[in-house]
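Residue numbers (the working numbering), protein chains in the order written: chain H, 2 to 364; chain Y, 46 to 523; chain D, -5 to 89; chain X, 102 to 195. Just so you know, even glycine gets a beta-carbon here, dropped at the ideal spot from N, CA and C.
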């Protein structure tokens, strides 16, 4: 393609990125905002593919746009109007419109200043164009890293410690979510059309996840993209009315969500005990160890993302899950959650009411 | 020896996984982890005091390509404080949570928080620091929301959003640094950064993000509700350690990495914000109705003192005077950490035994809970900065530095802050020692009361009388 | 002289500012959260633009890895925030 | 020759996309918009994949492209159905 054609494409892409971001942030309707944000994420993924970052583009499309979008949409669905207004504003808003206007202008000017400073700094960075970047060091050491995809080499070998802590972040998030209450009630069972799609889409997604995991060693892909794809299968199953989406219950579930951190630590510390540096894989073993860690990480990532979408620990399936009226007794326990704080987080049946009100919310 | 750096974050992380998988044994496992990690921290302290800075290249990759961990005097001291505070709070927490389900939720997050703190203090890589900041923020928020009540959840949500905003700003700065210098390693950067729009913007963004996380006035709005509505052991660690981790990073960036491009005006700005924090935080602490809020506002004020050191340190030429002032800063931070943690634990006991923490209804507490009241008094001594507490030494250095550099205006702020602190502490003690006879008899609950006493005792006596090693340790690898 | 580099880099700066403005000003939680996510996306865009070396030249893989980590961290934080918001609604309903 | 054919296919595919997008913006109600979007875009994507597959002259890549097309086809059909069903249910309720 000629450079000028590419330039036109770039300009179009940049303009649509900016307008989508602005539109997503300007609209006051939450659902619209989320959908525009997802569109923004998809165009961003395109931009990254164009900038020769296919690994990141895959992850953005699957996680940044896809799963974040699913999480946000589920949250929008939970909370008709008031909920999302939760008082989180740091600045006391007086009804003084003058004051508010001044605040708005101050912040806007501040943000313009931030954009200007960032651009100025970036300009200097591009001018400096550091000679000895890490790219060189990465390609020099790629041969001993155990994989040939440089991004995977950085993620799971050179900077594996970052990834270990990142898996700890995921674990923290899911434990935090668990502590806040049980999962949302499920959706109704899918009809024939959607059900038919799910029946073959889920196996295909699982297959795709396995492929992405395997191929990550030498081509775009890896544990995160694979985990997100696997999580997508879980989300689809959930939308089709599967309550637990195949996740195990109880202690086994803990084993799955801790698998990433646990395996990583086990490998790292075993090497340390054997006299090598922490996470210093012997070159001959590196490929295998990375694949082992990535497999565990993929499971943990997928489970975490699905659990985040469910909104908590999945409840064991009950009779009369998928339709009809809630049992009369539970009308008296209208609260979605007990007030006991921590202790009451796992009350089954307390959700029936919400379940009923959400019956008709499938899309 | 440098393996200790690995075990310092690997032990609590392993503990977190273990407590998650074996919820029945969680309390025992967590306490074993706490003792072991503290022992490792002590080993490290010993090693650093003898050999100077230790470092570890993870995976055997040289720093730059890989990530290096580093422990110098400053980070080792903070690691040791972290270990002792978390250990004491763990002992306390073992008795604090009565239900098995509560304990099962608490321990893994608690140990993840510790992992984050240790990883942050050890990290020598900018992007890795971003990840540790996020781990710290998320685990702190999850713990703060464990109360489960409306106020706690609301405060935790605000805490999370503020923290996220802060880390995003930090990340923007990190990205600029990589764009311009092609490395993320702190010690390499210290040699390569040069004044210019790139370094200024990067430093400004990172500092702004960290100030938000360390709750420097006027960015402190999120702190009092979050710290006041969390469970007591969590409040202790949030106030004593979590905000200080962000402060440590500001110190590290300003004094080590970007030292060449600082201007007195920037340092003065931090000083002014610190002074405002002292006055505003102390004033609010004096006016508040609840003991926990008092302690939280007092944290806002105490952080102000730490930032007062910036204009003074920057006005001093490198040399023994400056090292002495830096030692004063560190000892003030350590004292506040121990004292505030002990104070929150003591308040937790009062809250559990009396069912409330309203200051004006504390009459008779001294008769009922003498040991706890004594812990509060000890913590108060450290917060005011009376001798022999470590805070006295710190403030002494601060005042000395202010006079030496001709910035006597700060001295007025310090005196006003100390007077206000005395007022709010004596207000509490006045109520606690109120002589209204109380029907109940004296309560002593050793397992709950000891940690608070030991922590506040360390702040007053340990750091005050045995503060000299702090200066030695900081000087040994300056 | 690489135009793409500049074009996407400056866009990243603007996206950061847009997100920051919403995160600071908006009253609704969901919008603030989206604002923070957009801000993050802008930072990631800057990083990927920095990594780009022009057609035919292999890009720097390190920023790519950093962004991958960043994306996962961002989604974890978003998930926790949404769970807190859900609990908040439930508690408010109880009041 | 092959290049011309593939270009022709791609351009005609884009034409369908354009029509679909205009339909999405201009048509009056949800059902007709869905109709425009799914039908025109699916056909457009089909032509596009055919053109690209021809362009690469690599059987494996062409096969992958066809797979993508099939997946999009199924997904868009199912989601269009779900959206329409949801809208219809809402209508009958109110």
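How long is the line joining the alpha carbons of residue i and residue j, rounded to whole angstroms?
i	j	result
residue 354 of chain Y	residue 518 of chain Y	19 Å
residue 71 of chain H	residue 32 of chain H	11 Å
residue 453 of chain Y	residue 73 of chain H	53 Å
residue 108 of chain H	residue 114 of chain H	10 Å
residue 132 of chain Y	residue 80 of chain Y	7 Å
residue 205 of chain Y	residue 192 of chain Y	15 Å
residue 147 of chain H	residue 290 of chain H	9 Å
residue 179 of chain Y	residue 212 of chain Y	7 Å
residue 290 of chain Y	residue 165 of chain Y	7 Å
residue 171 of chain Y	residue 184 of chain Y	20 Å
residue 85 of chain H	residue 151 of chain H	Its pLDDT being 47, under 50, residue 85 of chain H is placed unreliably by the model, and the measurement read from it follows with that caveat. Distance between the alpha carbons of residue 85 of chain H and residue 151 of chain H is about 42 Å.
residue 357 of chain Y	residue 377 of chain Y	15 Å
residue 437 of chain Y	residue 420 of chain Y	18 Å
residue 11 of chain H	residue 234 of chain Y	33 Å
residue 207 of chain Y	residue 21 of chain H	25 Å
residue 277 of chain Y	residue 408 of chain Y	21 Å
residue 127 of chain H	residue 225 of chain Y	7 Å
residue 92 of chain D	residue 24 of chain D	No statement about residue 92 of chain D is possible, as the shown extent of chain D runs from -5 to 89 and does not include it.
Which chain H residues sit within Cβ distance under 9 Å of residue i?
i	result
residue 179 of chain X	194, 195, 197, 198, 199 and 202
Which residues of chain Y have a Cβ atom closer than 8 Å to the Cβ of residue i, listed in chain order?
i	result
residue 41 of chain D	220, 223 and 224
residue 151 of chain H	Simply none; closest approach about 12 Å.
Specify the secondary structure class of residue i as computed by DSSP and reduced to three states.
i	result
residue 407 of chain Y	coil
residue 99 of chain Y	strand
residue 47 of chain D	coil
residue 425 of chain H	Outside the displayed span of chain H (2 to 364) sits residue 425 of chain H, for which this structure offers no information.
residue 169 of chain Y	coil
residue 275 of chain H	coil
residue 160 of chain H	coil
residue 142 of chain X	helix
residue 151 of chain X	helix
residue 184 of chain H	coil
residue 113 of chain Y	strand
residue 191 of chain H	coil
residue 402 of chain Y	coil
residue 330 of chain H	Residue confidence is low: residue 330 of chain H scores 35 on pLDDT, short of 50, so the model does not pin down where it sits. Its coordinate-derived value is still stated next. DSSP places residue 330 of chain H in helix when its eight states are reduced to three.
Which residues of chain H have a Cβ atom closer than 8 Å to the Cβ of residue i, listed in chain order?
i	result
residue 30 of chain D	Within chain H, no residue comes near residue 30 of chain D; the closest Cβ sits about 11 Å away, beyond 8 Å.
residue 151 of chain X	Under the 8 Å cutoff, chain H gives no residues; its nearest Cβ is about 20 Å from residue 151 of chain X.
Mind pulling the chain D residues with CB within less than 7 Å of residue i?
i	result
residue 147 of chain Y	Simply none; closest approach about 16 Å.
residue 210 of chain Y	17 and 30
residue 23 of chain H	12
Exposed or buried, residue i, counting other C-beta atoms within 10 Å across all chains shown (16 or more means buried)?
i	result
residue 61 of chain D	buried
residue 259 of chain Y	buried
residue 287 of chain Y	buried
residue 326 of chain H	Model confidence at residue 326 of chain H stands at a pLDDT of 38, short of 50, so the residue's coordinates are unreliable and nothing is read from them.
residue 476 of chain Y	buried
residue 383 of chain Y	buried
residue 90 of chain Y	buried
residue 319 of chain Y	buried
residue 212 of chain H	exposed
residue 295 of chain H	buried
Output, in chain order, the set of chain Y residues within a Cβ distance shorter than 7 Å of residue i.
i	result
residue 158 of chain H	104
residue 5 of chain D	The contacting residues do not exist; residue 5 of chain D stays about 14 Å from chain Y at best.
Confirm the yes/no value for this check: CB of residue i, any heavy atom of the ligand ADP, distance under 7 Å.
i	result
residue 299 of chain H	Absence of the ligand ADP is noted for the structure shown, with no ligands found whatsoever.
Below 8 Å on the Cβ atoms is my guess for residue i versus residue j; work out the distance and round it to an integer in Å.
i	j	result
residue 403 of chain Y	residue 335 of chain Y	6 Å
residue 104 of chain Y	residue 265 of chain H	Residue 104 of chain Y to residue 265 of chain H, Cβ: 12 Å. No contact.
residue 207 of chain H	residue 174 of chain H	That belief does not hold up - the Cβ atoms of residue 207 of chain H and residue 174 of chain H are roughly 24 Å apart, past 8 Å.
residue 186 of chain Y	residue 201 of chain Y	5 Å
Identify the contact partners of residue i in chain Y, using a Cβ-Cβ distance below 9 Å as the criterion.
i	result
residue 142 of chain H	106 and 110
For chain A, find out if any of its Cβ atoms is closer than 8 Å to the Cβ of residue i; answer yes or no.
i	result
residue 199 of chain Y	No chain A appears in the structure shown, which is made up of the protein chains H, Y, D and X.
Which residues in chain D have a C-beta closer than 8 Å to the C-beta of residue i? List them in chain order.
i	result
residue 187 of chain Y	74
Find the residues of chain H that neighbour residue i, judging by a C-beta separation of less than 7 Å, and give them in chain order.
i	result
residue 172 of chain Y	163
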